[in-house]
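Line order of the protein sequences matches chains B and V.
Going left to right, the first sequence walks through residues 1 to 263 as the working numbering numbers them.
Going left to right, the second sequence walks through residues 264 to 593 as the working numbering numbers them.
C-beta atoms are modelled at their ideal positions from N, C-alpha and C, and glycine is treated no differently.
None of these values were measured; they are calculated from a predicted model.
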Amino acid sequence: MNIVVLLKQVPDTETKIRIGGDGKSIDTSDIRWIINPYDEYAVEAALRLKDSLGAKVTILSMGSERAVESIRTALAMGADQGVLVDDPATAGSDALGKAKVLAAALRSLEFDLIFCGHRAVDDDENQVGVMVAELMGLPHLGLAVSVEVEDGKVKMARPIEGARVTLEGKMPALVTFGGAHAIWNPRYASLPGIMKAKKKPLETKNLGDLGLSAADVGSQGAKVKVTSLELPAERQPGRKLEGETADKAKELVRLLHEEAKVI
Amino acid sequence: MAQGVCVITEFREGAFRRVSFEIASEGRRLADELGEPLCAIALGEGIGDLAADLGNYGVEKVYVVDKPNLKHYLAETYVPVAAALLITLEPKVILTPASVDGKDLSARLAARLGAGLATDCTELKVEGGSLKAKRPMYAGKVFAWYEWSQGSWPQIASCRPNVMTCLAPDTSKKAEAEKAEVEVPEGDQTRMISMEKDTGGKLDLTEAEIIVSGGRGMKGPENFAMLEELAKLLGAAVGASRSAVDSGWRPHADQVGQTGKVVTPNLYIACGISGAIQHLAGMSSSKYIVAVNKDPEAPIFSKADYGVVEDLFQFVPALIEEVKTLKSTC
Ligand SMILES: Cc1cc2nc3c(=O)[nH]c(=O)nc-3n(C[C@H](O)[C@H](O)[C@H](O)COP(=O)(O)OP(=O)(O)OC[C@H]3O[C@@H](n4cnc5c(N)ncnc54)[C@H](O)[C@@H]3O)c2cc1C
Ligand SMILES: Nc1ncnc2c1ncn2[C@@H]1O[C@H](COP(=O)(O)O)[C@@H](O)[C@H]1O
Chain B
1 MNIVVLLKQV
11 PDTETKIRIG
21 GDGKSIDTSD
31 IRWIINPYDE
41 YAVEAALRLK
51 DSLGAKVTIL
61 SMGSERAVES
71 IRTALAMGAD
81 QGVLVDDPAT
91 AGSDALGKAK
101 VLAAALRSLE
111 FDLIFCGHRA
121 VDDDENQVGV
131 MVAELMGLPH
141 LGLAVSVEVE
151 DGKVKMARPI
161 EGARVTLEGK
171 MPALVTFGGA
181 HAIWNPRYAS
191 LPGIMKAKKK
201 PLETKNLGDL
211 GLSAADVGSQ
221 GAKVKVTSLE
231 LPAERQPGRK
241 LEGETADKAK
251 ELVRLLHEEA
261 KVI
Chain V
264 MAQGVCVITE
274 FREGAFRRVS
284 FEIASEGRRL
294 ADELGEPLCA
304 IALGEGIGDL
314 AADLGNYGVE
324 KVYVVDKPNL
334 KHYLAETYVP
344 VAAALLITLE
354 PKVILTPASV
364 DGKDLSARLA
374 ARLGAGLATD
384 CTELKVEGGS
394 LKAKRPMYAG
404 KVFAWYEWSQ
414 GSWPQIASCR
424 PNVMTCLAPD
434 TSKKAEAEKA
444 EVEVPEGDQT
454 RMISMEKDTG
464 GKLDLTEAEI
474 IVSGGRGMKG
484 PENFAMLEEL
494 AKLLGAAVGA
504 SRSAVDSGWR
514 PHADQVGQTG
524 KVVTPNLYIA
534 CGISGAIQHL
544 AGMSSSKYIV
554 AVNKDPEAPI
564 FSKADYGVVE
574 DLFQFVPALI
584 EEVKTLKSTC
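Listed below in structure tokens is the structure:
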């Protein structure tokens, strides 16, 4: 079985976001970069299938040379090979542009399953995986909190509002992963894993290699773009309630009822 | 020529989900700004006469496809039907809910129609006849304004539940409902094996108006009974920090934060939560925030409208009593 994991490198979740000089992108100086947490769950899910059923796991990422470090981390966790699409002409791509690039790269890879995060925790688009599935005519099973493979079918559970749904899809299929760290507990890269990762194949491609031109993707091809960023309004410093426990409780209920009018 | 606004509703288990009315209301506002009509697409099973009720929120016309195999959302049945309708309707603007299924549907449609999509929008406006959308990034650490490229139609936006103002329903207004003749594909790629409903009609965090949330300060799973009780009195949902989820005290679906649910209730009550940056990102856009924490230096207080520095095991029971008193008098 072949599994391709789409992996995006994103700023560490600890990052305090500052707006860059252009007013429409974030200031990336002093940022520590990590694997998108949901993509890390996807890597872990792929490696569990590799452990139980046997699989070749390929990491595919679109990004700058900096993303090599995140791909190597996934290889050190146990993935087999990496592909990085690095082309300055992809800058300014909207989600559909990114999906076109990734779909083009996938066409030259073998896969039975494509695993993604359900969202990248930088732009929070929630789109790229679904769009790749649409462009490639594949079923998409979204927001997986469990995954099993049997008889050419993939089965997964997903929480929706007020219910838990179990879905089954024919392979090849694309699965996006949700859930929480506690469910997936992504494995750490071991020291031997890190040594081995250095020798695993990692190929870099540009748009030309994928048969795409700059006009298809990047800011030229984008249907939608960010025109400005703004920080959320600073919350007014609130008040701390004083007095005995019962007085504070009484005052809080009064404030919520009469002042805030939310209860 | 692209014209008007079209909202794609969400119908489940015999009723429109509330977010459908929110996007209908928002669609009405945008249609008025454009000076163009507002229509809706309603897909599902057992919609019947309910379709006309979308008129209560300003929808003029509803295109209904009411079929047994649309009972549950599956991309392979919903997407071709919605896409076929949209290609003939040619709206300028399409609104969908940013619900679990709505996010899937909107991304599929955007790819199929070659359109631009802004996900999880919290504010929309029309400028120069074109849509502008505001949406959170980094779970709300920053907000971005999106614009569509010149002449790119349709412009698709999914709307975060609980944010867009829902009009007071005007029951005298009905929408014209038209049965749309569209073929529904059988769909053999994916199959729903089961749908287990959460017990006790549990409210989803993303749709709750009040959330009572607990963190590591709760000390153990059994103590969440206290928060459940408070939540029940308030009609609230119960959330948790990642520490509480990692400890196995709460289900993963209850995690609030940058790698959990991003929520915008009217009231968020954080009990025994320190306020790590990842947690704050997920709840800072709540209208009112209450923090209960025994450490006066806890960062959660910097976001709280009302802070209570106290042992939560003392304070929460007292709060429950006060809420009971309030509820019995009004
Ligand atoms: C990649 C990544 C993603 C993450 N994503 C998330 C996320 O989505 N959501 C999230 O929540 N976290 C997330 N975290 C974790 C986050 O960094 C914090 O570790 C976590 O939020 C802390 O949870 P807590 O506030 O419950 O626990 P703590 O930080 O341990 O705080 C417990 C608080 O309880 C108070 N307390 C203790 N006893 C009492 C008492 N008796 N009465 C009153 N107060 C009391 C203490 O004073 C303290 O402030 C993420 C971390 C990483 C690395
Ligand atoms: N640049 C990228 N390279 C590889 N995968 C990506 C990239 N951008 C997004 N993805 C995948 O698509 C998922 C959803 O991303 P998004 O739509 O940006 O929230 C991510 O979790 C990744 O699996």
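Alpha-carbon to alpha-carbon, residue j and residue i
{"i": "Lys170 of chain B", "j": "Asp509 of chain V", "result": "33 Å"}
{"i": "Tyr41 of chain B", "j": "Lys153 of chain B", "result": "20 Å"}
{"i": "Asn486 of chain V", "j": "Gly21 of chain B", "result": "48 Å"}
{"i": "Val282 of chain V", "j": "Lys437 of chain V", "result": "19 Å"}
{"i": "Ala59 of chain B", "j": "Gly277 of chain V", "result": "According to the sequence as given, residue 59 of chain B is Ile; it is not Ala. Rounded to whole angstroms, Ile59 of chain B to Gly277 of chain V spans 43 Å at the Cα level."}
{"i": "Tyr320 of chain V", "j": "Ile114 of chain B", "result": "41 Å"}
{"i": "Arg280 of chain V", "j": "Asp123 of chain B", "result": "27 Å"}
{"i": "Val132 of chain B", "j": "Ala79 of chain B", "result": "21 Å"}
{"i": "Ser547 of chain V", "j": "Ala561 of chain V", "result": "15 Å"}
{"i": "Gly243 of chain B", "j": "Ala45 of chain B", "result": "51 Å"}
{"i": "Leu301 of chain V", "j": "Leu430 of chain V", "result": "15 Å"}
{"i": "Leu6 of chain B", "j": "Leu497 of chain V", "result": "42 Å"}
{"i": "Ser506 of chain V", "j": "Glu573 of chain V", "result": "20 Å"}
{"i": "Ser593 of chain V", "j": "Val579 of chain V", "result": "Note on residue identity: the sequence assigns Cys, not Ser, to residue 593 of chain V. So the alpha carbons of these two residues sit roughly 21 Å apart."}
{"i": "Ala76 of chain B", "j": "Lys225 of chain B", "result": "35 Å"}
{"i": "Pro237 of chain B", "j": "Val571 of chain V", "result": "14 Å"}
Expected contact under 8 Å - CB spacing of residue i and residue j to nearest Å
{"i": "Ser415 of chain V", "j": "Gly478 of chain V", "result": "Not a contact, Cβ separation roughly 44 Å."}
{"i": "Ala306 of chain B", "j": "Ala214 of chain B", "result": "The first residue shown for chain B is 1 and the last is 263, placing residue 306 of chain B beyond what the model contains."}
{"i": "Tyr401 of chain V", "j": "Ala533 of chain V", "result": "Not quite, the Cβ-Cβ distance comes to about 20 Å (not below 8 Å), so this is no contact."}
{"i": "Lys324 of chain V", "j": "Glu439 of chain V", "result": "5 Å"}
{"i": "Gln413 of chain V", "j": "Glu353 of chain V", "result": "With 8 Å as the limit, Gln413 of chain V and Glu353 of chain V do not qualify as a contact, their Cβ atoms being about 18 Å apart."}
{"i": "Val130 of chain B", "j": "Lys98 of chain B", "result": "Rounded, the Cβ-Cβ distance is 12 Å, inconsistent with contact."}
{"i": "Arg66 of chain B", "j": "Gln9 of chain B", "result": "7 Å"}
{"i": "Gly535 of chain V", "j": "Asp517 of chain V", "result": "Not quite, the Cβ-Cβ distance comes to about 14 Å (not below 8 Å), so this is no contact."}
{"i": "Ala381 of chain V", "j": "Arg398 of chain V", "result": "5 Å"}
Among the options, nearest to residue i - alpha-carbon criterion
{"i": "Gly483 of chain V", "options": "V:Phe576, V:Pro331 and V:Ala278", "result": "V:Phe576"}
{"i": "Val363 of chain V", "options": "B:Met77, B:Asn126 and B:Ala76", "result": "B:Asn126"}
{"i": "Ile419 of chain V", "options": "V:Cys429, V:Ala396, V:Thr428 and V:Val405", "result": "V:Ala396"}
{"i": "Ala157 of chain B", "options": "V:Ser506, V:Phe406 and V:Ser457", "result": "V:Ser457"}
{"i": "Cys422 of chain V", "options": "V:Ala431, V:Phe578 and V:Ser369", "result": "V:Ser369"}
{"i": "Asp433 of chain V", "options": "V:Glu585, V:Val571 and V:Ala287", "result": "V:Ala287"}
{"i": "Thr462 of chain V", "options": "B:Asp112, B:Thr204 and B:Glu161", "result": "B:Glu161"}
{"i": "Ala220 of chain B", "options": "B:Leu96, B:Asp51, B:Ile34 and B:Gly243", "result": "Before going further, note that residue 220 of chain B is Gln rather than Ala in the sequence given. Gln220 of chain B has its Cα closest to that of B:Leu96, out of B:Leu96, B:Asp51, B:Ile34 and B:Gly243."}
{"i": "Val405 of chain V", "options": "B:Leu7, B:Ser25 and B:Leu231", "result": "B:Leu231"}
{"i": "Pro343 of chain V", "options": "V:Ala315, V:Leu358, V:Ala373 and V:Asp568", "result": "V:Ala373"}
{"i": "Gly290 of chain V", "options": "V:Cys269, V:Thr385 and V:Gly535", "result": "V:Cys269"}
{"i": "Lys475 of chain V", "options": "V:Asp467, V:Met455, V:Ala499 and V:Glu459", "result": "Looking at the sequence shown, residue 475 of chain V is not Lys but Val. Closest by alpha carbon: V:Ala499."}
{"i": "Glu14 of chain B", "options": "V:Glu449, V:Ser549, V:Ala314 and V:His542", "result": "V:His542"}
{"i": "Val426 of chain V", "options": "V:Ala407, V:Thr453 and V:Thr385", "result": "V:Thr385"}
{"i": "Val101 of chain B", "options": "B:Asn206, B:His257, B:Leu252 and B:Lys240", "result": "B:Asn206"}
{"i": "Gly82 of chain B", "options": "B:Ala173, B:Ala91, B:Leu109 and B:Leu167", "result": "B:Leu109"}
{"i": "Tyr531 of chain V", "options": "V:Ser504, V:Thr522 and V:Trp512", "result": "V:Ser504"}
Residue-level contact to chain B via CB, residue i, 9 Å cutoff
{"i": "Glu470 of chain V", "result": "yes"}
{"i": "Leu348 of chain V", "result": "no"}
{"i": "Tyr401 of chain V", "result": "yes"}
{"i": "Gly377 of chain V", "result": "yes"}
{"i": "Lys465 of chain V", "result": "yes"}
{"i": "Glu573 of chain V", "result": "yes"}
{"i": "Val405 of chain V", "result": "yes"}
{"i": "Tyr320 of chain V", "result": "no"}
{"i": "Asp461 of chain V", "result": "yes"}
{"i": "Arg371 of chain V", "result": "yes"}
{"i": "Phe564 of chain V", "result": "yes"}
{"i": "Ala441 of chain V", "result": "Contrary to the premise, residue 441 of chain V reads as Glu rather than Ala in this sequence. Glu441 of chain V does not count as touching chain B."}
Proximity test, Cβ basis, 9 Å: residue i and chain V
{"i": "Lys149 of chain B", "result": "The sequence given here has Val at residue 149 of chain B, not Lys. Not one chain V Cβ lies under 9 Å of Val149 of chain B."}
{"i": "Tyr188 of chain B", "result": "no"}
{"i": "Gly21 of chain B", "result": "no"}
{"i": "Glu44 of chain B", "result": "no"}
{"i": "Thr227 of chain B", "result": "yes"}
{"i": "Ile160 of chain B", "result": "yes"}
{"i": "Arg235 of chain B", "result": "yes"}
{"i": "Arg239 of chain B", "result": "yes"}
{"i": "Arg48 of chain B", "result": "no"}
{"i": "Gly179 of chain B", "result": "yes"}
Q: For the stretch 107-137 of chain B, enumerate the residues whose C-beta is nearer than 7 Å to any C-beta of chain V, in chain order.
A: When C-beta distances to chain V are compared with 7 Å, the residues of the stretch 107-137 of chain B below that value are Val121, Asp122, Asp123, Asp124, Glu125, Asn126, Gln127, Val130, Met131, Glu134 and Leu135, in chain order.
Q) Between the stretch 79-105 of chain B and chain V, which residues of the former have CB atoms less than 8 Å from a CB of the latter, in chain order? A) Going along the stretch 79-105 of chain B in chain order, one finds Asp94, Ala95, Leu96 and Ala99 with a Cβ nearer than 8 Å to chain V.
Q | chain B contacts made by the stretch 325-349 of chain V, where a contact means CB separation under 9 Å | A | Considering only beta carbons, the part of the stretch 325-349 of chain V lying closer than 9 Å to chain B consists of His335, Tyr336, Leu337, Ala338, Glu339 and Val342, in chain order.
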